[in-house]
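I have placed the structure first, in the form of structure tokens, so that the comments after it can refer back to it.
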Ligand SMILES: Nc1ncnc2c1ncn2[C@@H]1O[C@H](COP(=O)(O)OP(=O)(O)OP(=O)(O)O)[C@@H](O)[C@H]1O
Ligand SMILES: Nc1nc2c(ncn2[C@@H]2O[C@H](COP(=O)(O)O)[C@@H](O)[C@H]2O)c(=O)[nH]1
């Protein structure tokens with residue numbers, strides 16, 4: 001019997017483009033995806049819950065996880081560490097369930113290198129002006145941090161060709177529909193590959 005592993009979906013894109021918003025709306029509709037909660041050393045924002053929005057860690061705790069190879073990927077982004085817990089992702093995929101990561105670009109590129117069978121989706125803003133407005137209006141960052149995140153955004157957007165799909169986040173519902181279509185299409189692709197593999201095996205043994 002062919003072992004069926006889950007698919008790893010990676011949603012990435014510049015700060016403020018709406019990754020978190022789109023992911024939450026997607027998860028309200030898709031119960032089959034498993035979200036991997038990230039680790040971070042940044043301070044929690046008002047309303048964020050440890051273990052739900054992030055696992056909030058000290059710098060020492062995070063560096064110890066790096067040393068013990070407990071992270072699938074990690075990046076230093078605008079002064080803080082962010083990383084994906086390896087064990088949760090590997091165990092969940094092994095159980096045949098799809099995993100969804102929402103991470104920045106350096107981390108996504110690391111995953112792509114080590115996990116090329118993943119599906120990489122870049123969320124793109126309708127315009128740079130709108131991106132700036134979204135980060136500012138969210139009201140979670142100081143003026144300095146907004147500037148640094150926008151600087152990072154320029155370099156991040158230059159990397160979008162490395163992704164399998166680009167989705168513009170103009171209307172949230174449309175972006176969610178497109179991501180759902182990508183998820184379905186990737187399942188169809190893998191189903192077809194599995195059928196072809198099965199046929200080839202049967203031919204070999206007949
Ligand atoms: N399609 C959209 N139209 C208008 N506003 C949006 C849209 N998507 C998200 N927003 C708003 O933009 C702001 C940034 O969204 P969000 O926090 O989801 O971005 P993000 O990409 O996850 O950011 P970060 O990478 O900094 O965590 C939020 O205030 C959110 O409500
Ligand atoms: N490389 C990783 N990036 C991550 C991870 N979890 C979140 N992020 C990204 O970091 C920035 C900043 O997030 P914020 O919550 O401080 O606004 C954003 O692009 C997130 O998507 C991770 O595990 N690895």
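Residue numbers (full-length UniProt numbering): 1 to 206. Cβ coordinates follow ideal geometry from the N, Cα and C atoms, glycine included.
Q) Do residue 84 and ligand 2 come close, with the Cβ less than 7 Å from some heavy atom? A) At least one heavy atom of ligand 2 is found less than 7 Å from the C-beta of residue 84.
Q.
Could you compute how far the alpha carbon of residue 6 sits from the alpha carbon of residue 147?
A. For residue 6 and residue 147, the gap between their C-alpha atoms comes out near 38 Å.
Q.
Quick check on this structure: which residue in 90, 136, 124 and 152 has the alpha carbon closest to the alpha carbon of residue 118?
A. Checked all of 90, 136, 124 and 152; the closest Cα to residue 118 is 90.
Q: Please write down, chain order preserved, every residue whose beta carbon lies under 5 Å from a heavy atom of ligand 1.
A: Result (chain order): 15, 16, 17, 18, 19, 20, 21, 134, 138, 169 and 172.
Q. Relative to ligand 2, is the shortest distance from any of its heavy atoms to the C-beta of residue 75 smaller than 7 Å?
A. Yes, the beta carbon of residue 75 sits closer than 7 Å to at least one heavy atom of ligand 2.
Q) Since residue 85 sits in a beta bridge, which residues does DSSP pair it with? A) In the DSSP secondary-structure assignment, residue 85 is bridged to 71.
(Q) Please report the straight-line C-alpha distance between residue 65 and residue 38, rounded to a whole angstrom. (A) About 12 Å.
Q: Give the straight-line distance between the Cα atoms of residue 121 and residue 24, rounded to the nearest whole angstrom.
A: Roughly 16 Å between the two C-alpha positions.
Q.
Can you list, in chain order, the residues of its chain with a C-beta nearer than 6 Å to that of residue 45? Leave out the 5 residues immediately preceding and following it.
A. Contacts found: 140.
Q: For residue 80, name the three-state secondary structure that DSSP assigns.
A: Three-state result, residue 80: strand.
Q.
How far does the beta strand (DSSP E) with residue 127 in it extend, from its first residue to its last?
A. Per DSSP, residue 127 belongs to no beta strand (DSSP E) and is neither H nor E.
Q) Relative to ligand 2, is the shortest distance from any of its heavy atoms to the C-beta of residue 42 smaller than 7 Å? A) Residue 42: yes, Cβ under 7 Å from ligand 2.
Q. Whole-angstrom Cβ separation of residue 22 and residue 168, contact assumed at under 8 Å?
A. Not confirmed; about 11 Å, so no contact.
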